[in-house]
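Below is one structure; the comments refer to it alone.
Number of protein chains: 2
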Amino acid sequence: MAKALERSIRERVPTLLTDLYQFTMAYAYWRSGRHNEPAVFELFFRDNPFGGGFSLFSGMHDCLLFLRSFRFTDEDVEYLRSVLPPATDPAFFLFLRELDCSGVTLHSVPEGTVVFARVPLMEVSGPLAVGHTSPSANLKSNAARFRLAAGSRRKLLEMGLRRAQGPDGGLTASRYTYVGGFDMTSNVQAGFLFGIPVAGTMAHSYVTSFSSLEEVWPQTLVAANGDHDNIDLISLTKGWLGRVCELLGAESGQIHEGELAAFLSYAIAYPHNFLPVIDSYSVTCSGLLNFCAVALSLFELDYSPLGVRLDSGDLCRQSVEVRHVFRLCSEQFSIPAFQSLLIVGTNNISEYSMAELNKKENEIDVVGVGTHLVTCTRQPSLGCVYKLVEVRGSPRMKFSEDPEKSTVPGRKAVYRMLDTEGHPFLDLLCLCEEPAPKACVAVRCHPVVGNKTCQSITPSQVSCLRLEVYTKGQITQPLCSTAETREKVQSSIQTLHPRHKRLQEPDSYIVAVSEKLHHLIAEIRKGSSNNSNFLLAN
Amino acid sequence: MAKALERSIRERVPTLLTDLYQFTMAYAYWRSGRHNEPAVFELFFRDNPFGGGFSLFSGMHDCLLFLRSFRFTDEDVEYLRSVLPPATDPAFFLFLRELDCSGVTLHSVPEGTVVFARVPLMEVSGPLAVGHTSPSANLKSNAARFRLAAGSRRKLLEMGLRRAQGPDGGLTASRYTYVGGFDMTSNVQAGFLFGIPVAGTMAHSYVTSFSSLEEVWPQTLVAANGDHDNIDLISLTKGWLGRVCELLGAESGQIHEGELAAFLSYAIAYPHNFLPVIDSYSVTCSGLLNFCAVALSLFELDYSPLGVRLDSGDLCRQSVEVRHVFRLCSEQFSIPAFQSLLIVGTNNISEYSMAELNKKENEIDVVGVGTHLVTCTRQPSLGCVYKLVEVRGSPRMKFSEDPEKSTVPGRKAVYRMLDTEGHPFLDLLCLCEEPAPKACVAVRCHPVVGNKTCQSITPSQVSCLRLEVYTKGQITQPLCSTAETREKVQSSIQTLHPRHKRLQEPDSYIVAVSEKLHHLIAEIRKGSSNNSNFLLAN
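Protein chains in written order, with the numbering used here: chain A, -19 to 518; chain B, -19 to 518.
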């Protein structure tokens, strides 16, 4: 699939997919001969999404493939010529046509790492004009929050395709949801491109498309062990249905024949994978009874049906009722496996109702999450920013009337400080030229937000989060598959202290700057308010 | 661009981009020989998004191109073989390889129409197995709400690319934002594919990349009328800066030299398109003064600078201050055009602050909207549903324990009823075989939600919202360009009564069913609760 993936990225991230001002600025640099000046840009975000305590860094794969294939086609350049002002020097378009990312070096936090606000995630260094074309990273932690809320026992199925922003919003979402800890997706293309396990059985429309048992064809099934001849599944199931009704004291008056026909047709097509949706009409008066009858027939023929899906109403209450019936059938008909059939719940589940799911009595084994996850209802976008931090070796800083919007200048390395139990407790930003902090040696630092008094900390271990991943046109680290990234993400979350993982009001993780960086910031601030001698020199 | 657009759609909407259960169901139909049974599916939504009174129908273009090019490749089929259960009959994959949409007919509401909850937007009729592969429509009304909130005077610039779901989420968003009434986008690829006007000048990083006037090169500019030789723009601007400071009684002490250098470099590159961001340091103490000086130099050389961009802080207050300074300069230096320079505001604008913008005094001419628009903070997804309504000529209906989740059965036409002033006041769903309602003739109908008492209405005009757009492999209506769709959307919104356009608590628009359809629903409900004679027949 590697080839299909690379093709898909090139198709999904055309070189023109950027803001126009990247080109107007590139021209202004080019015009003044500054386009090849060495510059350093940095990507970070200002707040953890979803009111949570952490985020997950992922998406480098796409970024690297994008850098490697970065090129403007003739068609691209012609379009740019048509939208840039007519006075633009024609030689600029020749320059664009020749442009690539061979002069760019990318440093990054390792793929799949837990990250925090204000930490430099990626550093792009290279010619000023190229650096402007920002590689976009993807950070997803909503999926991880669902994973944490769901606990480890329950499986999570992502099924948000139909609610995402355009087709590809869905593809991106399926991928990062899996990375963030989900187990399966309903999105076939995501399975194809990223190797994510796919799942899905039937929609309500399948059930409602049947109205009578006459529509079932073929009507027979051979037993799994091959012992018998073709068995008439309809007669067999009618028999079981009678016994189930008797066992449960159920009225047969509301059982829907079309629904039974749909279940039978599906079971005949997929006797090893029977998992119907049972609430197209009524769970207790029809769907559950029909399911039990077909499932009992399948067991009789040595198949193992999988379970049921509930898609509306109070999932907790219904799952308990369904499990109760499963247990009764299991005992009555001496089929131990019947009591542990899967119950899948898929009714518009949000993170909070997931947390409630853990508090309320329920028997749901697999949760399907759609809308809430993919569109991130609680915070639809992450405030990622891409800022210039150095030009020609000299640090740059953006001031702002809003101090939260100021940037941290200079080329930086990030060190993660771990406590005696191996939990990270502070990320320290140092200038690249500073020596790395050492384990068991005290270091002074200044938190970047909140009360900024200096503190002294002594880490038990130090790990460096700066990795060179691309230089001179080459990718310099092995690319992770989606599954590998998912593993890294899960083990990175594991190391976090529970106080940072809480879904509600987690403790905030400290991000700090070194003494040296702290002084640099103070110096630049001072210099900036004393900068206008040029006027007197007139 | 038509070719590039078609290519892009094929790339962005691969045939596998669907949920796995579409394939498991298709197999079950195929296995029982039902895959070619004629079936009708319908697309609709249950609630207007954003608490608003209406939505906009758009996206048919992509849908039609998708239908026309619908095909599974060998690679697709091999992947499906790997994820479907091993027992799947190999002949099914041959069937998939040959499948196309030549047997499908698509009816639709006209592109660019205002639509309401519960109205059938698209009807897909064709073989049961193909109909399941749902074409997805895009409905965007968030952009239209911004347009309404902004009023007609102000221009709207969409700049949400960096905050969207993956790269293509942004592309989709740029397109529908324009359709919904925005004027420009910052997204170059969207300009390229959809012909949307693109806009953008410079980022803060451009400004902060300069630190001194020595970096300005070339330093000269030829006057627009060609009258003079190369003029030293730096000296000229320093002179103007002194006069501006004098006029405003401004301290020169906080003027940032790097910012002036950035403005000058940009002005030399684009003397006809000068519109810098002026809040990288301080608007009043530096950015505005530097802008006025460069703009006055440009005016002196017969160029027309465009204006300024504000990107942080209280946009209303700042815009008033900026306009005041523009007026002072205009008078003092006798340049009438100076007072009407553009003021662009781009600081995280939500729909509510847009409404506030109209109440508060301000001088903002162009509003750039990013995050809030593209990710639709207020309602990130539209609850679109795709349901089976007929099989082999017989109507189908999905019941639900939640009555809001039931569907309206049968193949339907939608008629829009207009009042004497030409405002739509009710959409009537009729069965296709019913005669169309006539202008000035009373018709009885039953609202589909809320209190369902029968009413009699008499429309002044009736328009039919059912259009055949695709049949026998051919697109049967001319495709609208993005710009044409935008026009249709705007005129469709125009016809709405103001009470349905209110941003807050709009009157709800009535969607009703005909007498005949009402009876059909009642009949099906009755039939369904009396459906289990099949058990007795055992």
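Don't be surprised by glycine CBs; every beta carbon is placed ideally from N, CA and C.
For clarity, every value in this text was computed on a predicted model and none was experimentally measured.
Contacts around residue i, its chain only, beta-carbon distance under 8 Å, and the 5 residues preceding and following it disregarded
{"i": "A:Ile504", "result": "Pro375, Met377 and Pro389"}
{"i": "B:Asp(-1)", "result": "none"}
{"i": "A:Leu447", "result": "His87, Ser88, Val89, Pro90 and Gln457"}
Same chain, Cβ closer than 6 Å to residue i, neighbours up to 5 away in sequence not counted
{"i": "B:Phe243", "result": "Pro256, Asn270 and Val274"}
{"i": "A:Asn16", "result": "Pro107"}
{"i": "A:Phe174", "result": "Arg155 and Thr462"}
{"i": "A:Ile455", "result": "Leu44"}
Partner residues on chain A for residue i, Cβ-Cβ distance less than 8 Å
{"i": "B:Val178", "result": "Leu0 and Val63"}
Test item: CB-CB of residue i and residue j under 8 Å
{"i": "B:Tyr7", "j": "A:Ala249", "result": "yes"}
{"i": "A:Val469", "j": "A:Leu137", "result": "no"}
{"i": "A:Ser266", "j": "A:Glu239", "result": "yes"}
{"i": "A:Lys434", "j": "A:Tyr395", "result": "With the sequence shown as reference, residue 434 of chain A is identified as Cys, and Lys is not the correct amino acid for it. Contact: no."}
{"i": "A:Thr217", "j": "A:Asn210", "result": "no"}
{"i": "B:Gly180", "j": "A:Thr4", "result": "yes"}
{"i": "A:Leu520", "j": "A:Met397", "result": "Not covered by the structure: residue 520 of chain A. The range shown for chain A is -19 to 518."}
{"i": "B:Asp259", "j": "B:Gly293", "result": "yes"}
{"i": "B:Pro427", "j": "B:Ala335", "result": "no"}
{"i": "A:Leu268", "j": "A:Val305", "result": "yes"}
{"i": "B:Ala241", "j": "B:Leu193", "result": "yes"}
{"i": "A:Lys411", "j": "A:Lys496", "result": "Note on residue identity: the sequence assigns Leu, not Lys, to residue 411 of chain A. Their beta carbons are under 8 Å apart, which means A:Leu411 touches A:Lys496 by this criterion."}
{"i": "B:Phe24", "j": "B:Val365", "result": "yes"}
{"i": "A:Arg307", "j": "A:Gln298", "result": "no"}
{"i": "A:Ser189", "j": "B:Ala19", "result": "yes"}
{"i": "B:Leu36", "j": "B:Val99", "result": "no"}
First through last residue of the alpha helix (DSSP H) which encompasses residue i
{"i": "B:Tyr576", "result": "Within the shown structure, residues of chain B are numbered from -19 to 518, placing residue 576 of chain B beyond reach of any answer."}
{"i": "A:Phe172", "result": "Val168 to Phe174"}
{"i": "A:Pro70", "result": "Pro70 to Glu78"}
{"i": "B:Thr217", "result": "Leu213 to Leu228"}
{"i": "A:Ile329", "result": "That residue, A:Ile329, is in no alpha helix (DSSP H); it is neither H nor E in DSSP."}
Chain-ordered neighbours of residue i on chain A, where CB pairs are closer than 9 Å
{"i": "B:Ser284", "result": "Per Cβ cutoff of 9 Å: no residues; B:Ser284 is ~12 Å from chain A at best."}
{"i": "B:Ser374", "result": "Ser191"}
Within chain A, partners of residue i - CB distance below 7 Å
{"i": "B:His87", "result": "Result: empty, since nearest Cβ-Cβ is about 18 Å, beyond 7 Å."}
{"i": "B:Lys367", "result": "Ser185"}
{"i": "B:Lys506", "result": "Under the 7 Å cutoff, chain A gives no residues; its nearest Cβ is about 13 Å from B:Lys506."}
Boundaries of the beta strand (DSSP E) in which residue i is found, first to last residue
{"i": "B:Val394", "result": "Lys392 to Leu398"}
{"i": "B:Asp407", "result": "Pro404 to Leu411"}
{"i": "A:Ala19", "result": "Pro18 to Phe25"}
{"i": "B:Leu281", "result": "It is not in any beta strand (DSSP E) - B:Leu281 carries neither H nor E in the DSSP assignment."}
{"i": "B:Arg424", "result": "Val423 to Pro427"}
{"i": "A:Met102", "result": "Met102 to Pro107"}
{"i": "A:Lys367", "result": "Cys364 to Val371"}
{"i": "A:Thr451", "result": "Leu447 to Thr451"}
Residue i: contacting residues in chain B (beta-carbon distance under 9 Å)
{"i": "A:His252", "result": "Pro65, Pro66 and Ala67"}
{"i": "A:Ile248", "result": "Ala8, Arg11 and Ser12"}
{"i": "A:Leu108", "result": "Ser189"}
{"i": "A:Ala40", "result": "According to the sequence displayed, residue 40 of chain A carries Met and not Ala. Within chain B, no residue comes near A:Met40; the closest Cβ sits about 14 Å away, beyond 9 Å."}
Any non-hydrogen atom of the ligand COA closer than 7 Å to residue i Cβ
{"i": "B:Ser35", "result": "The ligand COA is absent from the structure shown, which contains no ligand whatsoever."}
Same chain, Cβ closer than 7 Å to residue i, neighbours up to 5 away in sequence not counted
{"i": "B:Thr451", "result": "Thr85"}
{"i": "A:Arg303", "result": "Ile323 and Glu343"}
{"i": "A:His498", "result": "His426"}
{"i": "A:Tyr9", "result": "His15, Leu108 and Ala109"}
{"i": "B:Ser116", "result": "Model confidence at B:Ser116 stands at a pLDDT of 48, short of 50, so the residue's coordinates are unreliable and nothing is read from them."}
Proximal residues of chain B, C-beta to C-beta of residue i below 7 Å
{"i": "A:Met139", "result": "Asp(-1)"}
{"i": "A:Gln169", "result": "Pro(-6), Leu(-4) and Leu(-3)"}
{"i": "A:Tyr59", "result": "Phe172"}
{"i": "A:Thr181", "result": "Tyr1 and Thr4"}
Neighbour list for residue i in chain B, Cβ cutoff strictly below 8 Å
{"i": "A:Thr200", "result": "By Cβ distance, chain B contributes nothing, its closest Cβ being about 12 Å from A:Thr200, past 8 Å."}
Interface positions of the stretch 438 to 463 of chain A facing chain B (Cβ-Cβ less than 8 Å), listed along the chain: Correct list: empty, as no residue qualifies.
Residues of the stretch 186 to 197 of chain A with Cβ closer than 9 Å to any Cβ of chain B, in chain order: Tyr186, Val187, Thr188, Ser189, Phe190, Ser191, Ser192, Leu193, Glu195, Val196 and Trp197
Using a Cβ-Cβ cut-off of less than 8 Å, list which residues of the stretch 478 to 501 of chain A approach chain B; keep chain order. Under the 8 Å Cβ criterion, the stretch 478 to 501 of chain A contributes no residue.
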